[in-house]
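S.K.: Residue numbers (the numbering used here), protein chains in the order written: chain H, 1 to 243; chain R, 1001 to 1227.
Shown below is the structure under consideration.
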Amino acid sequence: MRIVLAFLVVVCVLPRTARAGRSFYGWLYGTEVLPERGVELQTWILEANDKYGSNAKETSIWWGPLIGVTDQLELALPIELEWVSSDADKTFFTFRRFGIEARYRLASQDPADASAFVPLVRVAAKRDVTVRDDVRLEGDLVASYELGPVHALVDLGFASDLRPHTRHSEVRPGGGLSFRVADGFRLGAEVYSEVSFDSRGASWAAVGPNMAWTHGRFWLSGAMGIGVYHVKLAPRVMWGIAF
Amino acid sequence: MRAILVLTGFAALAGSAAGAFAGPAATAPGGRVVGTVKVTEYDGTQAEAVDVIVYVVGFNEPPGDDVTTVAQKGRKFVPDLVAITANERVSFPNFDPFLHNVFSQSSARKFDLGSYPRGDAKDKQFPLTGVVDVYCNIHPEMAATILVLPNRRHVRTDATGRFVLEGVPPGDWTVFAYARRATKPASAKVSVSPSTETTVTLALVRGAEPAHLNKYGEKYHDGKVYP
């Protein structure tokens, strides 16, 4: 408890700068984008433990630069690494995908000019390194609403692997709340799920607390997803540093 | 310290919504407020009263149709001090052959225009009254101040420090004078009657350019706090 209080005191005292390009959530995309010609390096680490009711465990790393093309459009060039362990397969760690994604904020980048309701559209195309004829398409419709210290967000995502003869599609609905408890520091909760449309995949869902911290050009957010369906624990942490 | 002093002088302004000021809207013709602003440097030497803004506080007016321009030229903001009425827009064109990144972390208006090249211009609206300090995230020597005022009764002094404020509505108001690097605004109470002239003399003391950080709240890339 003392450590938590000490941390809160520290984050309240340190200088803070509001900035764009961050998410307040762990599993959900934010609606902020970088200003024009802004550049940020972003990293995610996500886990799904005992997925699909088995002993399958996954840890993935997403890393890439984000570029502010305009004040409302940013591009990301991610690469994804994946570590998987399951009963059936050997444990492996591999370079899994690379690609390009665009995030378009349908409102001014300036919070003072935008309304409290901000929508964002995300589309991505990724090449699967391990399955050479696979292309993954991803998309998200994200909407946030900010009222004083409260930030609410809904994220309706989808992903589809376009392989010849064997296609796999899933939707990824999620939502969350984030409360500003100090300048630059937020706490909240979120729910996230992946719902498969075919027999090849499987579905899972998790709910849990989240946090977000912004300090100068650096931001960090994360969520501890506690499984409510076909997963035990699904933590995820993201951070970014702007240049 | 400078911010505190400026905000003290702007007690009626800082952080207030444009419509929150008491008093009637100005109806022309009102009275005139004329006078002189004397400026001295911090060491006591007399200075030219250039780039001094004189304004009246105590009543509201809607903004005019003009768009104020603060250009980026020769690694400077030109002009580096402007006064606008709340809800007016300010345009920031870049005339330099390289990128600038205009931003403000002032509580009255935080913004980040991103980086843009010569020939491009971006603009911002300023709905809240107060003092907005504007900087470039790439060139730390660039600094400007935007005074966001509750009415249109503001003028720039001439080279001798003289000013004339026309159309000031009848009533008891406070007249302020402010210049960049001023340690605090100068002020005087005035009582304005219709079709009369009220004279005031104001004295400003200029200090050093206040230190500032970049848009992330850090020192600039060379490790210095500017100036």
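All C-beta atoms in this analysis are idealised placements derived from N, C-alpha and C, irrespective of residue type, glycine included.
Small disclaimer: the values here were computed from a predicted structure and weren't measured.
#1: Report the rounded CA-to-CA distance for H/Arg145 versus H/Arg22, giving the unit in angstroms.
#2: Using beta carbons (cut-off 8 Å, strictly below), is H/Arg37 in contact with chain A?
#3: Are the CB atoms of R/Asp1096 and H/Pro35 within a distance shorter than 8 Å?
#4: Measuring CA to CA, which of R/Gly1217, R/Val1033, R/Ala1049 is closest to R/Thr1040?
#5: In chain H, what lies closer than 8 Å to R/Glu1218 by C-beta?
#6: Looking at R/Ala1086: is its Cβ nearer than 8 Å to the Cβ of R/Val1148?
#7: Quick one: is R/Phe1111 near chain H, going by C-beta distance under 8 Å?
#8: Is the Cβ-Cβ distance between R/Arg1109 and R/Phe1092 less than 8 Å?
#9: When you compare each of R/Ala1177, R/Pro1150, R/Gly1161, R/Gly1074 to R/Lys1189 by their alpha carbons, which one comes out closest?
#10: Tell me which residues of the stretch 1055-1073 of chain R have at least one Cβ-Cβ distance to chain H shorter than 8 Å, keeping chain order.
#11: For the beta strand (DSSP E) that contains H/Ser115, what are its first and last residues?
#12: For the stretch 193-207 of chain H, which residues have a beta carbon sitting closer than 9 Å to at least one beta carbon of chain R?
#13: For R/Thr1198 versus R/Val1033, is the C-beta spacing smaller than 8 Å?
#14: How many Å lie between H/Ser196 and H/Lys90 at the Cα?
#15: When the distance is taken between beta carbons, is R/Pro1150 closer than 8 Å to R/Gly1030?
#16: Could you tell me the alpha carbon to alpha carbon distance between H/Val237 and R/Phe1077, rounded to whole angstroms?
#17: Go ahead and pull the three-state DSSP assignment for R/Gly1064.
#18: Identify the contact partners of H/Ala212 in chain R, using a Cβ-Cβ distance below 7 Å as the criterion.
#19: If you measure from the beta carbon of R/Gly1119 to each beta carbon in chain H, is any gap under 8 Å?
#20: Do the stretch 76-87 of chain H and the stretch 107-120 of chain H meet, that is, are 3 or more Cβ pairs less than 8 Å apart?
#21: In chain order, what residues of the same chain have a beta carbon less than 7 Å from the beta carbon of H/His230, not counting five sequence neighbours either side?
#22: R/Phe1163 bridges to which residues according to DSSP?
#23: Less than 8 Å between the beta carbons of H/Thr130 and H/Arg167, yes or no?
#24: Can you tell which of R/His1139, R/Lys1122, R/Val1054, R/Arg1152 has its C-alpha closest to the C-alpha of R/Asp1066?
#25: Around the Cβ of H/Leu147, are there at least 16 other Cβ atoms within 10 angstroms (buried) or fewer (exposed)?
#26: Figure out for me which residue from H/Ala234, H/Gly240, H/Phe243 has the closest Cα to the Cα of H/Ala56.
M.R.: According to the data block:
#1: Before going on, a small fix: residue 145 of chain H reads as Tyr here, not Arg. H/Tyr145 and H/Arg22: Cα-Cα distance of roughly 15 Å.
#2: Looking for chain A here will not work: the only protein chains present are H and R.
#3: A distance of 8 Å or more separates the beta carbons of H/Pro35 and R/Asp1096.
#4: Ranking the options by Cα distance to R/Thr1040, first place goes to R/Ala1049.
#5: Close partners of R/Glu1218 in chain H (Cβ separation under 8 Å): Gly216, Arg217.
#6: Yes. Within cutoff.
#7: At least one C-beta of chain H is nearer than 8 Å to the C-beta of R/Phe1111.
#8: Using a Cβ distance threshold of 8 Å, R/Arg1109 and R/Phe1092 do not count as a contacting pair.
#9: When each option's Cα is compared against that of R/Lys1189, the closest is R/Ala1177.
#10: Those would be none; no residue qualifies.
#11: Under the DSSP assignment, H/Ser115 falls outside any beta strand (DSSP E); it carries neither an H nor an E label.
#12: In summary, no residue of the stretch 193-207 of chain H has a CB separated from any CB of chain R by less than 9 Å.
#13: Yes, the Cβ-Cβ distance between R/Thr1198 and R/Val1033 is below 8 Å.
#14: Using only the alpha carbons, I get a separation of about 24 Å.
#15: No, the pair does not count as a contact, with Cβ atoms beyond the cut-off.
#16: Counting only the Cα atoms, R/Phe1077 lies some 41 Å from H/Val237.
#17: DSSP places R/Gly1064 in coil when its eight states are reduced to three.
#18: Under the 7 Å cutoff, chain R gives no residues; its nearest Cβ is about 17 Å from H/Ala212.
#19: No - not a single Cβ of chain H is within 8 Å of the one on R/Gly1119.
#20: Fewer than three Cβ pairs drawn from the stretch 76-87 of chain H and the stretch 107-120 of chain H lie within less than 8 Å of each other, which leaves the two stretches out of contact.
#21: Shown here for H/His230: same chain residues with a beta carbon closer than 7 Å to its own, the five before and five after excluded, namely Lys51, Tyr52, Gly53, Ala202, Ser203, Trp204 in chain order.
#22: Under the DSSP definition of a beta bridge, R/Phe1163 partners with R/Gly1035.
#23: With a cutoff of 8 Å on beta-carbon distance, H/Thr130 and H/Arg167 are scored as not near each other.
#24: Checking every option, the nearest Cα to that of R/Asp1066 belongs to R/Arg1152.
#25: Counting Cβ neighbours within 10 Å, H/Leu147 comes out exposed, since fewer than 16 surround it.
#26: Proximity to H/Ala56 across H/Ala234, H/Gly240, H/Phe243 peaks at H/Ala234, based on C-alpha coordinates.
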